[in-house]
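Heads up, the sequence shown is in my numbering, so the first residue is 8 and it goes up one at a time.
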Amino acid sequence: MKATLGKKLFFYTAVLLIAVLLGTFFFLVRSQSRQWEEHLRLRSISFARFATPELLKQFRGAFTGQDEKNLEYVYDFLGFNRDLIRFSLYSPSGRELFSSPQFPDYIDLPLEKIEMPDLARRVGVPRTTAVTRSFDNGDRFLDLIVPAFGPTGEQVLSVRYLISYDSVDQRQTEMRQQFFRIGLFALCASLFLAAVVARRVARPVQELNQAVRAIGRGELAIRMSVSGSDELSALAASFNEMSENLDSSRSALTEKNNALQKANDELQQVQAQLLRSERLAAIGQLAAGISHEIDNPIGIILGYAELLLEDCSPDDPRKDDLRAIIDECRRCRRITGGLLSFARSGQGHLEPVDLDSLCRETIVSLSPQRLFKEIVIDYERPEVPLIVEGDADQLRQILINLLLNAGQAMQGRGKLVIRLVQEPGGAVISVSDSGPGVPLDQSEKIFEPFYSTKDRDEGTGLGLSLCRKLAEDHGGDLILDTTYRDGARIRLELPVMQR
Numbered sequence: 008m009k010a011t012l013g014k015k016l017f018f019y020t021a022v023l024l025i026a027v028l029l030g031t032f033f034f035l036v037r038s039q040s041r042q043w044e045e046h047l048r049l050r051s052i053s054f055a056r057f058a059t060p061e062l063l064k065q066f067r068g069a070f071t072g073q074d075e076k077n078l079e080y081v082y083d084f085l086g087f088n089r090d091l092i093r094f095s096l097y098s099p100s101g102r103e104l105f106s107s108p109q110f111p112d113y114i115d116l117p118l119e120k121i122e123m124p125d126l127a128r129r130v131g132v133p134r135t136t137a138v139t140r141s142f143d144n145g146d147r148f149l150d151l152i153v154p155a156f157g158p159t160g161e162q163v164l165s166v167r168y169l170i171s172y173d174s175v176d177q178r179q180t181e182m183r184q185q186f187f188r189i190g191l192f193a194l195c196a197s198l199f200l201a202a203v204v205a206r207r208v209a210r211p212v213q214e215l216n217q218a219v220r221a222i223g224r225g226e227l228a229i230r231m232s233v234s235g236s237d238e239l240s241a242l243a244a245s246f247n248e249m250s251e252n253l254d255s256s257r258s259a260l261t262e263k264n265n266a267l268q269k270a271n272d273e274l275q276q277v278q279a280q281l282l283r284s285e286r287l288a289a290i291g292q293l294a295a296g297i298s299h300e301i302d303n304p305i306g307i308i309l310g311y312a313e314l315l316l317e318d319c320s321p322d323d324p325r326k327d328d329l330r331a332i333i334d335e336c337r338r339c340r341r342i343t344g345g346l347l348s349f350a351r352s353g354q355g356h357l358e359p360v361d362l363d364s365l366c367r368e369t370i371v372s373l374s375p376q377r378l379f380k381e382i383v384i385d386y387e388r389p390e391v392p393l394i395v396e397g398d399a400d401q402l403r404q405i406l407i408n409l410l411l412n413a414g415q416a417m418q419g420r421g422k423l424v425i426r427l428v429q430e431p432g433g434a435v436i437s438v439s440d441s442g443p444g445v446p447l448d449q450s451e452k453i454f455e456p457f458y459s460t461k462d463r464d465e466g467t468g469l470g471l472s473l474c475r476k477l478a479e480d481h482g483g484d485l486i487l488d489t490t491y492r493d494g495a496r497i498r499l500e501l502p503v504m505q506r
C-alpha cells in the first residue's frame, strides 16, 4: 500500500490529536477531582463545627442514648447532610461515650472491620483533624474528629464524623463519562477535519470533474475557485472562461426570447383593446339608435300623460297612475341617455346618494313584478348610512339589472339576498341568488359586450357590460365572487364619500 502525502498527513495529525486529547483529559479529571475532594473536606469541617455545639447541648453529659426523643431530633438535625455515615462521641481520654447507628444510605458499610490505631491520639488533640480512609472494596470516607469545649474553655469531649466520598466519586464518574464523550466527539471531528485536509491534494481534479458534469446538465453559472499558478489553476481559469462565454450566450438568447414574448403579449393586449373598441363602437351605434327610436315614442307618451294629468281633477284616483307613468317615462329617457354616456365614456349627474334608500326603493319597485312573486327577497341593511357620490339613476340601473338577472337565473323561484356593508375599500352591494351559478371559465366573459349565457331571444349581452362600465365611471367595480358556491354572487364596489 502506497503511503501518499495525504495519508501521512492524516496519520500524523491523528496521533497528535489523540495525544493532546488524552493529556488534556487526564489533567482535567485529576484537577477537577482534587477540587471536589477539597470542597467536600471543607464543607464537612464546616458542617461538623456547626453540628457539634448542638450535639453537646442535646446530650448534656448523659451519653447513654436512652432518650429516644432527643435521638430522633439529633438524627433529623444531622440527616440533612446526605454524606454522613455515622457520628460518635468520645471523652478526651479516648473512651467511646456514644455511637449512633449507621444512617440508612450507608447501613451496609463494614465499619467494624476498619482499624484505626490513631483514634486515641486524635480525640485528645484540641483541634479538628481529618483523615481519608478506604474500605476493602475501595470506597473512601473522611474520618473527621472535632473537639467540643465547655463554658470554661476546657475540652469536654470529641465528636467523630464519618463522611462518605460517594457523592464525589459519583461526580468523578459522571465527569469521566462526560469527558470521554466530549473527547470522543472531538477526536472524531478532528479526524474528520484531518481527512478533509488530506484530501485537498485530489480535490481540484474532483472539482473539475464535477464542474464538467454540471456544464453538461446546463448549469452554466458554475465557476471553479482559482488559487495558485500551477497547471490545475490554469485549467480551472480556462474552464471558468469557457463557462462564462457559454453563460453569456445563453443569457443573450434568453433576453431575446423574453423580448419576443413581451412583444407578443403587447400585441395580444392591443388586439384585445381593438376588439373592445370595436364592440364599444357598436354599442355606441346601438345606443344612438335606441335613443332615436325610443325617445320619440317615449316623448309622445310623456306628453300625453302630462296633458292628462293637467286635465284630472284634484281628487281623481288616476292621478297617481299618471304620475307613475310620467316618472317611468322620464326614467326611460334617462336610461337611454345613460347608454349614450356609456358609449361616450361620460358620467351622469353626480350627487350624494344614500345606498340604503336606493336598495330599498329598488326592491319595492321590483317586488310586485311577476318574476319576483315566488322569490324570497332578504335585504341586510348596514348599521351606519353609506353615502356615495354618483348618479342615482345609473346606480339604480345597475341594481335593477343585477336583480333581474338573478330572478331570471332562478326562473322565478328561490332566495335572493341583497347585502349592503362597508368594507375597508368602501361600500359593497352584494346580490346573491340560489340559481345554478356561473362557471369559473365564464367569470370574466359575462362582463364582455354581447356575451350572454341566455338564449338568443332573451338577452343581448349588454347588461353586465354596461353595469361594469357604469361602476367604473363611479370609481368602483363590478365583479363576480368566485368563492360563492350556492349560486351566483355579484359584488358592486363603490367608494364612500368622506364625512
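Here a beta-carbon is modelled for each residue, glycine too, at the ideal position from N, C-alpha and C.
Where DSSP assigns a beta bridge to residue i, which residues make up the other side?
{"i": "residue 137", "result": "151"}
{"i": "residue 501", "result": "434"}
{"i": "residue 57", "result": "For residue 57, which the question treats as bridged, DSSP gives no partner whatsoever."}
{"i": "residue 324", "result": "According to DSSP, which records beta bridges pairwise, residue 324 is partnered with nothing at all."}
{"i": "residue 6", "result": "The chain is shown only over 8 to 506; residue 6 falls outside these bounds and no answer can be derived."}
{"i": "residue 206", "result": "Bridge partners of residue 206: none, in fact."}
{"i": "residue 496", "result": "439"}
{"i": "residue 219", "result": "DSSP output for residue 219 lists no bridge partner at all."}
{"i": "residue 359", "result": "396"}
{"i": "residue 258", "result": "BP columns for residue 258 are empty, so no partner."}
{"i": "residue 484", "result": "500"}
{"i": "residue 167", "result": "95, 152"}
Could you tell me the alpha carbon to alpha carbon distance between residue i and residue j, rounded to whole angstroms?
{"i": "residue 361", "j": "residue 274", "result": "43 Å"}
{"i": "residue 102", "j": "residue 155", "result": "15 Å"}
{"i": "residue 70", "j": "residue 147", "result": "Only weak support is given to the placement of residue 70: the predicted model assigns it a pLDDT of 49, under 50, and the value that follows is read from those uncertain coordinates. Approximately 29 Å, taken between the alpha carbons."}
{"i": "residue 397", "j": "residue 421", "result": "31 Å"}
{"i": "residue 333", "j": "residue 490", "result": "42 Å"}
{"i": "residue 451", "j": "residue 471", "result": "10 Å"}
{"i": "residue 107", "j": "residue 85", "result": "11 Å"}
{"i": "residue 305", "j": "residue 336", "result": "6 Å"}
{"i": "residue 96", "j": "residue 158", "result": "18 Å"}
{"i": "residue 224", "j": "residue 285", "result": "50 Å"}
{"i": "residue 32", "j": "residue 187", "result": "8 Å"}
{"i": "residue 312", "j": "residue 301", "result": "16 Å"}
{"i": "residue 496", "j": "residue 440", "result": "7 Å"}
{"i": "residue 177", "j": "residue 243", "result": "59 Å"}
{"i": "residue 113", "j": "residue 127", "result": "25 Å"}
{"i": "residue 145", "j": "residue 175", "result": "14 Å"}
{"i": "residue 58", "j": "residue 98", "result": "17 Å"}
{"i": "residue 184", "j": "residue 36", "result": "10 Å"}
{"i": "residue 259", "j": "residue 277", "result": "27 Å"}
{"i": "residue 473", "j": "residue 483", "result": "13 Å"}
{"i": "residue 87", "j": "residue 110", "result": "11 Å"}
{"i": "residue 343", "j": "residue 407", "result": "15 Å"}
{"i": "residue 257", "j": "residue 248", "result": "14 Å"}
{"i": "residue 181", "j": "residue 250", "result": "57 Å"}
{"i": "residue 395", "j": "residue 228", "result": "57 Å"}
{"i": "residue 40", "j": "residue 152", "result": "23 Å"}
{"i": "residue 339", "j": "residue 375", "result": "19 Å"}
Less than 8 Å between the C-beta atoms of residue i and residue j, yes or no?
{"i": "residue 140", "j": "residue 150", "result": "yes"}
{"i": "residue 253", "j": "residue 231", "result": "no"}
{"i": "residue 501", "j": "residue 404", "result": "no"}
{"i": "residue 190", "j": "residue 23", "result": "no"}
{"i": "residue 485", "j": "residue 499", "result": "yes"}
{"i": "residue 425", "j": "residue 435", "result": "no"}
{"i": "residue 55", "j": "residue 166", "result": "yes"}
{"i": "residue 475", "j": "residue 400", "result": "no"}
{"i": "residue 171", "j": "residue 115", "result": "no"}
{"i": "residue 25", "j": "residue 194", "result": "yes"}
{"i": "residue 411", "j": "residue 383", "result": "no"}
{"i": "residue 164", "j": "residue 93", "result": "no"}
{"i": "residue 137", "j": "residue 48", "result": "yes"}
{"i": "residue 17", "j": "residue 202", "result": "yes"}
{"i": "residue 442", "j": "residue 413", "result": "yes"}
{"i": "residue 65", "j": "residue 80", "result": "yes"}
{"i": "residue 246", "j": "residue 218", "result": "yes"}
{"i": "residue 419", "j": "residue 503", "result": "no"}
Quick one: does residue i have its CB under 8 Å from some CB of chain B?
{"i": "residue 341", "result": "Looking at the structure shown, chain B is missing, and only one protein chain is on hand."}
- [ ] Scan the stretch 371-454 and note each continuous beta strand (DSSP E) run of 3 residues or more that stays entirely inside, going in chain order.
- [x] Fully enclosed beta strand (DSSP E) runs of no fewer than 3 residues occupy 381-387, 394-397, 420-430, 433-440 of the stretch 371-454, in order along the chain.
TODO: Examine the Cβ distances between the stretch 325-339 and the stretch 385-397 and report whether three or more of them are shorter than 8 Å.
DONE: Short answer: they don't touch.
Task: beta strand (DSSP E) runs contained entirely in the stretch 82-135, provided each spans 3 or more residues - done: Here the runs fully enclosed are 91-97, 103-106.
Open item on the list: Could you check whether the stretch 364-371 touches the stretch 441-451, counting it as contact only if at least three pairs of C-beta atoms, one from each stretch, sit closer than 8 Å?
Closed with: In the pairwise beta carbon analysis, the stretch 364-371 is classified as not touching the stretch 441-451: fewer than three pairs are separated by under 8 Å.
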